[in-house]
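Worksheet: one structure, shown below.
Protein chains: 2
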Amino acid sequence: MAYRKTPAEIRRLEATRERLVSCATEVVTEVGWAQASVSAVADAAGIAAGSVYQHFPSKSALAVEVFRRAAGREVEVLGEVLHAPGDPVERLSRAVEVFARRALQNRGLAYALLAAPAEPAVGAERLEFRRRYRVLFAEVVRDGMTRGALPQQDDEITAAALSGAIGEVLVYPLGDPEKRAVDTFIAELTAMALRCVGAPRD
Amino acid sequence: MAYRKTPAEIRRLEATRERLVSCATEVVTEVGWAQASVSAVADAAGIAAGSVYQHFPSKSALAVEVFRRAAGREVEVLGEVLHAPGDPVERLSRAVEVFARRALQNRGLAYALLAAPAEPAVGAERLEFRRRYRVLFAEVVRDGMTRGALPQQDDEITAAALSGAIGEVLVYPLGDPEKRAVDTFIAELTAMALRCVGAPRD
DNA sequence: GAAAGAAGTGAACCATCATTCAGAGCTTCT
DNA sequence: AGAAGCTCTGAATGATGGTTCACTTCTTTC
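Chains as they are written, first to last, in my numbering: chain A, 975 to 1176; chain B, 975 to 1176.
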């Protein structure tokens, strides 16, 4: 045998792949899925368009990877907050705040994940992640009902409503972003979410 | 002058245009915006692809017309119910029911209007119609607050949340459509909407 | 240093549609 | 009937952008 990938070479290839994914994420964040052409992404990563195909079998596969990474982080964070011990209402409240703060911190990415027009493969992935959000929310709602902290309700409908409501409010933030203080905005959003699950009023 | 459109001829052309719009709506309902190519739509209407351009300057213009017609009907219906005289909570409740029933009656169209991937021109139109939904919901929420029927809240956030929540619940109806009785589903959805605005509990 | 094999390049290729257009077929009016 | 002007057709055109591939460049091994 005259050639065998050396560990350093493997690392270098993996690093290139990582860079490709993260540059693609940036491009998508900035210009959306539709405008993120293979050559734009390749340029951003400093490689030729053809080289993308050394790392991914198709543009779709790269797009799905980008989506999974970014969406996966969000689901993970949300899951941690929601699975923390303690009062379900308190956990939901914190989860909404964390989710909203992260989305407002990186609006471009939030929009890309939640609502931006995308090719079918990414759309399918989005469905899957929405499902995960619903599962997480449904758990905390069920928990609240079990503990008697929340009124009886259809946990799956409430969960879908929560993810839809929060997404809509965050994606089309109302009015001038500067005008409305972020904290006030988040407080109102959280209050809405708590009303939505029927949490006891103060 | 040797030729002038006769009234009958004008009617015939308008009828063709109407047929084109309604056939396009059907195609979009069935296969979504992405798959609704000019030739597919023309075939459905029984005309040649080129003839579409006798009635619309571009595919986008036709798509926008299709969207406006269908979405306009929904906004109108919703507006009528929400503007009826009477208790705001009652009006909201009826509005959610009407909206949901119509959406479930024609899921394909509901999906096309609310969430299906679409070209930018349709996306822009969708934003405009979402804004109209928000305006309608915000009005009823304000009305409720004024009358003391609803707790103080940010009407715009609640309105966005309502439209997002209802849309999400309807677009990804949970489980088998047959399994869950439509009436139960709608009752739960309505209950959620009322909690969301903080309506007094029974 | 040279052979073997992999990665990287980017211009050419190709598929997909929206759009155009030259000609065929109608309708209107004299 | 015939001229004029319109609608309709559908194959050709054109733009876009993902994908391929012959070639170059780099790495490894001996």
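Ideal Cβ placement from N, Cα and C applies to all residues, glycine included.
Computed from a prediction, not measured in an experiment: that's the story for all the values here.
Practice prompt. Could you pull the start and end residues of the alpha helix (DSSP H) that Gly-1006(A) belongs to?
Written response: Along the first sequence, one-based indexing puts residue 1006(A) at 32. Where Gly-1006(A) is concerned, the enclosing alpha helix (DSSP H) stretches over 981-1009.
Practice prompt. Could you check if Glu-1099(A) is buried or exposed, using at least 16 other CB atoms within 10 Å of its CB as the buried criterion?
Written response: Sequence index remark: in the first sequence, residue 1099(A) carries index 125 (1-based). Glu-1099(A) comes out buried.
Worksheet item: Should Ile-1023(B) and Ala-1016(B) be called a contact, given that it needs their Cβ atoms to be closer than 8 angstroms?
Response: To locate residue 1023(B), count along the second sequence from 1; it is residue 49. To locate residue 1016(B), count along the second sequence from 1; it is residue 42. According to the sequence as given, residue 1023(B) is Ala; it is not Ile. It is a contact, given that the beta carbons lie within the stated cut-off.
Worksheet entry | chain B residues whose Cβ lies nearer than 9 angstroms to that of Pro-1091(A) | For the purposes of this step, residue 1091(A) is taken as residue 117 along the first sequence, with counting starting at 1. Result: Pro-1091, Ala-1092, Glu-1093, Pro-1094 and Gly-1097.
Worksheet entry | When Val-1145(A), Glu-1039(A) and Arg-993(A) are compared against Ala-1090(A), the one with the closest alpha-carbon | Stepping through the first sequence from its first residue, residue 1090(A) is reached at position 116. Nearest to Ala-1090(A) by C-alpha distance, out of Val-1145(A), Glu-1039(A) and Arg-993(A), is Val-1145(A).
Worksheet entry | Bounding residues of the alpha helix (DSSP H) (the contiguous stretch that carries Ala-1165(B)) | The residue you call residue 1165(B) lines up with position 191 of the second sequence. Run containing Ala-1165(B): 1156-1170, per the alpha helix (DSSP H) assignment.
Worksheet item: Would Tyr-977(B) count as contacting chain A if we go by Cβ distances under 8 angstroms?
Response: One-based indexing of the second sequence puts residue 977(B) at position 3. So no, Tyr-977(B) is outside the interface.
Worksheet entry | Helix, strand or coil at Asp-1129(B) [DSSP, three-state] | What you label residue 1129(B) is simply residue 155 of the second sequence in a count that begins at 1. Looking at Asp-1129(B) - three-state DSSP - the assignment turns out to be helix.
Worksheet entry | Segments assigned alpha helix (DSSP H), at least 4 residues, entirely inside the stretch 1057-1119 of chain B | 1062-1079 and 1081-1088
Worksheet item: Among Gln-1079(B), Val-1063(B) and Val-1049(B), which residue has its Cα nearest to the Cα of Gly-1122(B)?
Response: Here residue 1122(B) refers to the residue found at position 148 when the second sequence is read from its first residue. Distances from the alpha-carbon of Gly-1122(B) to those of Gln-1079(B), Val-1063(B) and Val-1049(B) put Val-1063(B) closest.
Worksheet item: How many Å lie between Ala-1037(B) and Ala-1058(A) at the Cα?
Response: The residue you call residue 1037(B) lines up with position 63 of the second sequence. The residue you call residue 1058(A) lines up with position 84 of the first sequence. Using only the alpha carbons, I get a separation of about 47 angstroms.
Discussion item. Which same chain residues end up closer than 8 angstroms to Met-1119(A) when comparing Cβ atoms and leaving out the 5 residues on each side of it in sequence?
Written reply: Looking up residue 1119(A) in the first sequence gives position 145. The answer, listed in chain order, is Pro-1125, Gln-1126, Gln-1127 and Asp-1129.
Worksheet entry | Straight-line gap, Ala-1077(B) to Phe-1103(B) (C-alpha atoms, nearest Å) | Taking the second sequence and counting its residues from 1, one reaches residue 1077(B) at position 103. Taking the second sequence and counting its residues from 1, one reaches residue 1103(B) at position 129. Their Cα atoms are separated by approximately 15 angstroms.
Discussion item. I need the boundaries of the alpha helix (DSSP H) containing Tyr-1027(A), first residue and last residue.
Written reply: Taking the first residue of the first sequence as position 1, residue 1027(A) is located at position 53. From DSSP, the alpha helix (DSSP H) with Tyr-1027(A) extends over 1026-1029.
Practice prompt. Compare the C-alpha of Arg-1105(A) against each of Gly-1053(A), Asp-1117(A), Leu-1083(A) and Glu-1093(A) and name the closest.
Written response: Residue numbering aside, residue 1105(A) sits at position 131 when the first sequence is read from its first letter. Answer by Cα proximity: Gly-1053(A).
Item to complete: Taking C-beta pairs closer than 8 angstroms, name the residues in chain B that Val-1143(A) reaches, listed in chain order.
Response: The count along the first sequence starts at 1 and reaches residue 1143(A) at position 169. Near Val-1143(A) (Cβ distances below 8 angstroms), the residues of chain B are Ile-1131, Ala-1134, Ala-1135 and Gly-1138.
Item to complete: Determine which residues of the stretch 1108-1124 of chain A have a Cβ less than 9 angstroms from any Cβ of chain B, and write them out in chain order.
Response: Arg-1108
Item to complete: Please compile the residues from chain B whose C-beta is within a distance smaller than 7 angstroms of the C-beta of Glu-1054(A).
Response: The count along the first sequence starts at 1 and reaches residue 1054(A) at position 80. In chain order: nothing, as chain B lies at least about 23 angstroms away.
Worksheet item: Do Ile-1140(A) and Phe-1073(A) have their C-beta atoms closer together than 8 angstroms?
Response: Along the first sequence, one-based indexing puts residue 1140(A) at 166. Along the first sequence, one-based indexing puts residue 1073(A) at 99. Yes, the Cβ-Cβ distance between Ile-1140(A) and Phe-1073(A) is below 8 angstroms.
Discussion item. Give me the chain A residues within the contact set of Glu-963(B), using Cβ-Cβ distance strictly less than 8 angstroms, ordered along the chain.
Written reply: Not covered by the structure: residue 963(B). The range shown for chain B is 975 to 1176.
Practice prompt. Classify Ser-1032(B) as helix, strand or coil using the three-state DSSP reduction.
Written response: For the purposes of this step, residue 1032(B) is taken as residue 58 along the second sequence, with counting starting at 1. Of the three classes helix, strand and coil, the one that applies to Ser-1032(B) here is coil, per DSSP.
Worksheet item: So Ala-1019(A) is in the alpha helix (DSSP H); what residue range does that whole segment cover?
Response: Indexing the first sequence from 1 puts residue 1019(A) at position 45. Here the alpha helix (DSSP H) through Ala-1019(A) covers 1012-1019.
Worksheet entry | Contacts around Ser-1034(A), its chain only, beta-carbon distance under 7 angstroms, and the 5 residues preceding and following it disregarded | Mapped onto the first sequence, residue 1034(A) falls at position 60. The answer, listed in chain order, is Glu-1093 and Ala-1095.
Worksheet item: Should Glu-1050(A) be labelled buried (16 or more other beta-carbon atoms within 10 Å of its own) or exposed?
Response: Your numbering for residue 1050(A) matches position 76 in the first sequence. Its Cβ having fewer than 16 others within 10 Å, Glu-1050(A) is exposed.
Worksheet item: Is the CB of Arg-1076(A) under 8 angstroms away from at least one CB in chain B?
Response: As a first step, residue 1076(A) is located in the first sequence; it is residue number 102 there, counting from the start. Interface flag for Arg-1076(A) against chain B is unset, since no Cβ pair is found closer than 8 angstroms.
Practice prompt. Pick out whichever of Glu-1004(A), Arg-1043(A) and Arg-993(A) has its Cα sitting closest to the Cα of Ile-1021(A).
Written response: On the first sequence, residue 1021(A) is found 47 positions in, with the first residue counted as 1. If we check each option's Cα against that of Ile-1021(A), Arg-993(A) comes out closest.
Worksheet item: Candidates Tyr-977(A), Ser-1011(A) and Val-1070(A): which alpha carbon is nearest Asp-1157(A)'s?
Response: Here residue 1157(A) refers to the residue found at position 183 of the first sequence. Here the closest residue by C-alpha is Val-1070(A).
Worksheet entry | Nonlocal neighbours in the same chain, by C-beta distance under 7 angstroms from Glu-1004(A), ignoring five residues either side | Position 30 of the first sequence, counted from the first residue, corresponds to residue 1004(A). Correct list, in chain order: Gly-1082.
Worksheet item: Looking only at C-alpha atoms, which of Leu-1056(B), Ala-976(B), Cys-997(B) and Arg-991(B) sits nearest to Ser-1025(B)?
Response: As a working mapping, residue 1025(B) is identified with position 51 in the second sequence. It is Arg-991(B) whose Cα lies nearest to the Cα of Ser-1025(B).
Practice prompt. Determine the closest residue to Ser-1137(A) out of Ala-976(A), Ala-1019(A) and Leu-1168(A), with distance taken between C-alpha atoms.
Written response: The residue you call residue 1137(A) lines up with position 163 of the first sequence. Ranking Ala-976(A), Ala-1019(A) and Leu-1168(A) by Cα distance to Ser-1137(A) puts Leu-1168(A) first.
Worksheet item: What in chain A is Cβ-close to Gly-1172(B), meaning under 7 angstroms?
Response: Here residue 1172(B) refers to the residue found at position 198 of the second sequence. Correct list: Arg-1169.
Worksheet item: What does Ala-1165(A) reach in chain B if we use C-beta pairs closer than 7 angstroms?
Response: Start at 1 with the first residue of the first sequence, and residue 1165(A) comes out as number 191. Within chain B, the residues near Ala-1165(A) are Gln-1127.
Worksheet item: Roughly how far, in whole angstroms, is the beta-carbon of Arg-1065(B) from the beta-carbon of Val-1114(B), given that I think they are within contact range, below 8 angstroms?
Response: Along the second sequence, one-based indexing puts residue 1065(B) at 91. Along the second sequence, one-based indexing puts residue 1114(B) at 140. Going by Cβ atoms, the distance from Arg-1065(B) to Val-1114(B) rounds to 6 angstroms, so yes, they are a contact pair.
Item to complete: Examine chain B for any beta-carbon lying closer than 8 angstroms to the beta-carbon of Tyr-1146(A), and answer yes or no.
Response: The count along the first sequence starts at 1 and reaches residue 1146(A) at position 172. Cβ-Cβ to chain B under 8 angstroms: yes for Tyr-1146(A).
Worksheet item: Among the residues of its own chain, which have a CB less than 6 angstroms from the CB of Ala-1010(A), if the five just before and after it don't count?
Response: Counting from 1 along the first sequence, the entry for residue 1010(A) is found at position 36. Contacts found: Val-1001 and Val-1002.
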